[in-house]
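There are 2 protein chains.
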Amino acid sequence: MKVTHNGKSKHFRTVWFDKTKNHIRLIEQRLLPHQFKIISTKSYQETSQAIKDMVVRGAGAIGATAAYGLAQGAQIFQGNGIKTFEKHIAKVFQTLASARPTAIDPINAMQSMLSRMHGPSVANRKLQALDLAEEFAEDDVTHCQKIGHIGEQLIQNGTRVLTHCNAGWLAFVDHGSATAPMYSAHEKNKKFHVFCDETRPRSQGAALTAWELSQQGISHDIIADNASGHLMQRGEIDLVIVGSDRTLGKTGEVTNKIGTYTKAVLAKRHGIPFYVAIPLSTIDWKINSGLKIPIEERASEEVLRAWGVSDSGKRLSISIANPSSTARNPSFDITPPELITGIITPVGIIQPKKLWKNRLKLGYDNIKKNLCS
Amino acid sequence: MKVTHNGKSKHFRTVWFDKTKNHIRLIEQRLLPHQFKIISTKSYQETSQAIKDMVVRGAGAIGATAAYGLAQGAQIFQGNGIKTFEKHIAKVFQTLASARPTAIDPINAMQSMLSRMHGPSVANRKLQALDLAEEFAEDDVTHCQKIGHIGEQLIQNGTRVLTHCNAGWLAFVDHGSATAPMYSAHEKNKKFHVFCDETRPRSQGAALTAWELSQQGISHDIIADNASGHLMQRGEIDLVIVGSDRTLGKTGEVTNKIGTYTKAVLAKRHGIPFYVAIPLSTIDWKINSGLKIPIEERASEEVLRAWGVSDSGKRLSISIANPSSTARNPSFDITPPELITGIITPVGIIQPKKLWKNRLKLGYDNIKKNLCS
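For the record, the sequence lines run as chains C and E. For the first sequence, the working numbering assigns the number 2 to the initial residue and increments by one for each residue that follows. For the second sequence, the working numbering assigns the number 2 to the initial residue and increments by one for each residue that follows.
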């Protein structure tokens with residue numbers, strides 16, 4: 002998306018490949034919203050470290066970064082032996098896959114590349130790696146764009162949209178999932194307003210989504226996570242759009258950032274449409290119950306502290322809680338299908354309980370092959 | 002309540018009066034949870050400033066502080082003329098009442114004193130002021146204790162209680178409202194667990210309620226405001242108890258810290274009992290609709306920043322949000338009676354819709370006199 006940096010407005014993706022130098026270029030997301038900076042990773046090991054250190058984060062974005070990383074690693078191979086090349090690639094794969102052990106996107110991205118890297122020579126396979134990584138990133142962009150065009154119809158002049166956490170373009174290669182309909186509507190000159198939940202404990206809504214929206218000049222306000230119920234009660238929210246980390250194709254249950262379930266319960270009570278925007282790679286066709294999804298409990302420090310910038314411009318974290326207290330930090334929750342008005346996918350808006358019926362349209366066959374290979 | 006300070010455990014109230022020196026002593030609440038310190042105000046002007054600067058905060062606590070402040074101001078009067086004394090007292094009253102213009106408690110506390118300060122001489126009225134201020138503080142303590150004894154029955158061994166914000170002893174003279182049942186249950190050696198909502202934007206749950214509970218050795222965890230829905234979904238919360246800033250006697254609607262309504266909606270969905278603990282002074286017998294309660298929108302800075310202590314021990318605030326974004330900050334919300342299981346009052350647990358029917362028991366007559374005087 003467009004970013005205004007040093008007074009100039011320019012289009013950026015979260016990640017892209019510099020083929021001449023064999024470098025991957027990334028937005029250093031840990032510095033946002035206070036600083037916009039592009040960094041380069043000069044080897045696949047550096048790329049893996051950048052994923053690990055969360056220089057880049059978000060399902061689609063780390064998927065594409067790993068895909069580029071695999072291509073980057075392929076280029077440095079010296080020699081012509083297919084077997085040694087495959088061994089080398091397996092090492093690169095392992096290095097990139099282990100950067101975020103619980104994330105599925107890097108693995109899916111690289112596996113889908115490997116399943117098609119069958120060229121007759123090493124030179125040919127190196128080229129294939131470049132092409133397939135580029136194709137993966139392009140697909141991510143296209144999927145998000147389609148979500149935008151389809152979801153944009155939900156936003157009218159005057160609509161007040163609530164979103165939670167950051168399912169924005171920073172989490173993908175471009176456009177984002179929950180934000181894509183907003184960017185499309187903005188392109189069509191619709192005038193609407195967005196409420197960004199702060200999204201404690203990591204405050205991605207206040208930091209990243211608000212930054213994204215302000216870069217595009219979209220009217221928005223940050224609110225405490227506590228405030229959305231009150232705003233709904235007073236008739237100040239018309240529509241909710243969130244993203245998802247994993248959506249169950251068999252049941253229509255949606256896993257997303259902690260707090261999403263609460264927004265869905267509130268929206269239901271107030272008769273406010275609640276949509277989830279997802280690319281196809283987010284659908285899990287295997288698991289048949291939300292209770293089987295393990296909910297990651299992250300470090301209690303995230304709840305006990307806050308991260309930001311002091312008045313003197315120093316980046317730091319501070320203790321905001323009673324020092325001798327402990328915290329619980331479940332990071333995701335599960336929203337049942339009866340609270341969801343529709344799932345905005347690249348192939349249309351689908352009722353959560355009808356995902357399974359629409360599985361062929363939603364790419365189940367391709368994914369099934371991957372699952373069973 | 003008991004506070005362990007410099008290795009010694011001692012009982013403290015939030016505010017008390019040193020008659021010998023004509024000083025009011027206060028816990029400096031702005032330093033909590035990182036530092037426990039007692040300060041003295043040496044004049045009624047200093048006392049007013051302490052209320053204004055939020056050295057002391059919370060309905061009951063500022064009510065008692067203002068009552069003591071009126072007595073403190075009365076003592077410095079020189080002379081015997083009743084008329085001049087009354088003029089002096091009016092000035093003291095005005096100074097203390099203007100410290101927190103929207104708060105009703107200091108005014109109610111001082112008015113109830115004035116309505117009974119009719120002694121024959123100045124000397125007599127000075128003594129009356131001291132006695133009446135002490136009586137006000139004692140009543141606050143007794144009311145909270147009664148809430149504790151009545152509400153304690155809701156807590157069993159193993160109960161997991163959720164509370165929001167700080168309706169603890171720091172907000173009153175002692176015991177608190179929402180926390181009083183917990184302290185009573187703890188005294189009876191019941192083993193239970195408390196989840197403290199962080200309560201953004203001011204984080205009173207993470208800072209004050211968690212500090213209170215840890216001082217009493219009550220098992221607790223801080224959670225992000227986003228997490229309670231998930232915990233309810235997984236069956237990890239059995240009971241919710243919150244406080245209230247204003248409860249409508251005519252409708253049973255409860256005004257409390259932003260986010261309370263959301264907890265009530267979630268509790269209803271999960272069939273979890275939701276109680277509101279209030280002293281009688283919190284009941285508003287006049288207003289007949291929650292929509293008539295103005296909802297204070299506080300400074301957006303509260304949402305855009307966080308306050309705490311750095312690793313080097315420095316107290317500071319940091320920016321946690323996109324710098325060019327704005328924020329909305331409604332500070333209270335209104336919970337309708339159908340979401341409330343019961344109101345825990347000093348005279349028993351009452352259904353919210355039956356407050357009016359029980360108005361005589363709830364002290365409506367006394368308050369009516371005040372309202373109409």
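Positions of the beta carbon are idealized from the N, C-alpha and C atoms, including for glycine.
{"query": "Whole-number beta carbon distance between I156 of chain C and M183 of chain C, since they are thought to touch under 8 Å", "result": "7 Å"}
{"query": "Against chain E: residues of the segment 257-291 of chain C by CB proximity under 7 Å", "result": "I259, G260, Y262, T263, V266, L267 and R270"}
{"query": "Other residues of its chain near V255 of chain E: CB distance less than 6 Å, five sequence neighbours each side excluded", "result": "S245, T248, V277 and T336"}
{"query": "Contact list for A307 of chain C against chain E, beta-carbon separation under 7 Å", "result": "A307, G309, I319 and I321"}
{"query": "Same chain, Cβ closer than 6 Å to I77 of chain E, five either side skipped, listed in chain order", "result": "none"}
{"query": "V243 of chain E at chain C interface by Cβ criterion, 9 Å", "result": "no"}
{"query": "Contact list for A207 of chain E against chain C, beta-carbon separation under 9 Å", "result": "V304, L305, I321, A322, N323, S326 and A328"}
{"query": "Opening and closing residue of the beta strand (DSSP E) in which A395 of chain E lies", "result": "This structure cannot speak to residue 395 of chain E, because chain E is shown only from 2 to 374."}
{"query": "Residues of the segment 222-250 of chain C with Cβ closer than 7 Å to any Cβ of chain E, in chain order", "result": "D222, I223, I224, A225, D226, N227, A228, G230, H231 and Q234"}
{"query": "M118 of chain C versus N125 of chain C - alpha carbon distance", "result": "9 Å"}
{"query": "Residue-chain proximity (S10 of chain E, chain C), Cβ-Cβ < 9 Å", "result": "no"}
{"query": "Residue burial classification, I242 of chain C (beta-carbon count within 10 angstroms, cutoff 16)", "result": "buried"}
{"query": "Where the segment 24-41 of chain C meets chain E: residues whose CB sits under 9 Å from a CB there", "result": "L33, P34 and H35"}
{"query": "Same chain, Cβ closer than 7 Å to V56 of chain C, five either side skipped, listed in chain order", "result": "L27, E29, Q30, R31 and I40"}
{"query": "Own chain, CB closer than 6 Å to G110 of chain C, minus 5 neighbours either side, in chain order", "result": "According to the sequence as given, residue 110 of chain C is Ala; it is not Gly. Once the five neighbours on either side are set aside, the close Cβ partners of A110 of chain C are G64, A67, A68 and F137."}
{"query": "Three-state class that DSSP yields for V304 of chain C in the structure shown", "result": "helix"}
{"query": "Under 9 Å between C-beta atoms of G177 of chain E and W170 of chain E", "result": "yes"}
{"query": "Within chain E, the residues that W212 of chain C reaches when beta carbons sit closer than 7 Å", "result": "N323"}
{"query": "7 Å CB neighbourhood of H165 of chain E in its chain, flanking five on each side removed", "result": "D198, T200, G206, V243, K258, G260, T261 and K264"}
{"query": "Ordered list of alpha helix (DSSP H) runs contained in the segment 238-283 of chain C, each at least 4 residues", "result": "261-270"}
{"query": "Contacting residues, own chain, Cβ-Cβ under 7 Å from Q217 of chain C (five flanking each side not counted)", "result": "M2, K3, Y184 and H187"}
{"query": "Alpha helix (DSSP H) segments (min. 4 residues) lying fully within the segment 24-93 of chain C", "result": "45-53 and 60-76"}
{"query": "Boundaries of the alpha helix (DSSP H) in which H231 of chain E is found, first to last residue", "result": "S229 to Q234"}
{"query": "Three-pair Cβ contact test at 8 Å for the segment 320-339 of chain C versus the segment 300-311 of chain C", "result": "yes"}
{"query": "Collapsed DSSP secondary structure at E136 of chain E in the structure displayed", "result": "helix"}
{"query": "Length-filtered (4 minimum) alpha helix (DSSP H) runs lying within the segment 153-199 of chain E", "result": "181-188"}
{"query": "E153 of chain E at chain C interface by Cβ criterion, 9 Å", "result": "no"}
{"query": "Check whether L356 of chain E and K251 of chain E have beta carbons under 9 Å apart", "result": "yes"}
{"query": "Three-way DSSP call (helix, strand, coil) for G349 of chain C in this model", "result": "strand"}
{"query": "Segment contact, 8 Å Cβ cut-off, at least three pairs: the segment 306-324 of chain C with the segment 33-47 of chain E", "result": "yes"}
{"query": "Proximity below 9 Å, CB of P280 of chain C to CB of A60 of chain C", "result": "yes"}
{"query": "Close beta carbons around L232 of chain E, own chain, < 6 Å, minus the five adjacent residues each side", "result": "I238"}
{"query": "For L163 of chain E and R235 of chain E, the rounded distance between their alpha carbons", "result": "14 Å"}
{"query": "Best match in C:Q95, C:A100 and C:V123 for proximity to Q112 of chain C [C-alpha to C-alpha]", "result": "C:Q95"}
{"query": "Residues of its chain near Q352 of chain E, where Cβ-Cβ distance is below 7 Å and the 5 sequence neighbours each way are ignored", "result": "G343"}
{"query": "Where E213 of chain C falls: helix, strand or coil (DSSP)", "result": "helix"}
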